[in-house]
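Working notes for the structure below.
Here you go:
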């Protein structure tokens, strides 16, 4: 049986929680919107009945204060009242760009017809009026609310994924940093012993070419150990001669690459820059090593160092 890693467990839990919250949000919001639609339909029915009552009893001496209050109380739902022929008799909660703009009202009426079935008002003379309406602004906003909330949830999930990924990368970097420093520490003792042996051999055989190369290789090991120890720490910057550093790197690579590959470098005036000698030398050696690998065993590698307008180019 395969056990999920803590990272996969976290991601799976996060996805399940997000999906659950999303479904719950959509369900309750849709339910709430449906209830509001029913309430608005009832409100429009009440408004239509009030209009009908006023039309039927306008000639009597009854108190219409309550009826007028019902009619005036609709301040959110846009409505249009038409006769049987479709002629607009009146409207409410609709802002017209121009009072005489009947085309605008007609377009709104067509949209209302497509959105909701009309409410019929039967008049005493047998004719009918129709009430068309839109959903209120609040209800329309609520329709978009679940999607806005989903976008917000997705945004925070993205932040969580990104933060978790960055934390994992930071953790891995710390592991590599610890391994590099431990490697440098473990190499320190045998390197010191090799340096002592190399010094003894140099004193005993000062002109021996093998001993000279061995001493260079031991110094190389010391340099590599120093490079590993500096990983993750702030390097100390000193004024170094870039020209000499390039020359040393070329000399080192030229003795360790095929004879069919030549290096072309003409040292000019000293070029000084604030840098770390060990780390910059590492960079130059990697560049030269990549160039050697790209030559496929034959060719000329040209290196040039210039200074132009206080900018150094290599």
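Residue numbers (the numbering used here): 1 to 314. Idealized CB from N, CA, C, for every residue including glycine.
Here residue 158 carries a helix assignment [DSSP, helix/strand/coil].
Annotation for residue 228: no beta strand (DSSP E) segment contains it, though the alpha helix (DSSP H) segment containing it runs 209-230.
In this structure, 134 is the residue among 254, 202, 134 and 223 with its C-alpha nearest to the C-alpha of residue 43. Rounded to whole angstroms, the gap between the alpha carbons of residue 117 and residue 85 is 16 Å. Ranked by Cα distance from residue 250, the options 206, 300 and 203 are led by 300. For the 8 Å CB-CB criterion, residue 200 and residue 214 do not form a contact. The alpha-carbon of residue 115 is positioned some 47 Å away from that of residue 165. Where residue 289 is concerned, the enclosing alpha helix (DSSP H) starts and stops at 277-294. The bridge partners DSSP lists for residue 239 are 274. Taking each of 142, 305 and 263 in turn and checking the Cα distance to residue 291, the smallest one comes out for 263. The C-alpha of residue 206 is placed about 32 Å away from the C-alpha of residue 183. In the DSSP assignment, residue 115 falls within the unbroken alpha helix (DSSP H) covering 102-115. With respect to the 8 Å criterion, residue 129 and residue 89 are classified as neighbours on the basis of their beta carbons. Taking residue 241 as the centre and dropping the five residues before and after it, the same chain places the C-beta of 270, 271 and 272 closer than 8 Å to its C-beta, in chain order.
The shortest C-alpha to C-alpha distance from residue 106 to any of 41, 276 and 80 is the one to 80. Per DSSP, the continuous beta strand (DSSP E) segment holding residue 261 begins and ends at 261-265. If you draw a 10 Å sphere on the C-beta of residue 294, you find fewer than 16 other C-beta atoms in it, and that means exposed. Approximately 5 Å separates the beta-carbon atoms of residue 146 and residue 25; this is inside 8 Å, confirming the contact. By the C-beta density criterion, residue 119 is buried, having at least 16 other C-beta atoms within 10 angstroms.
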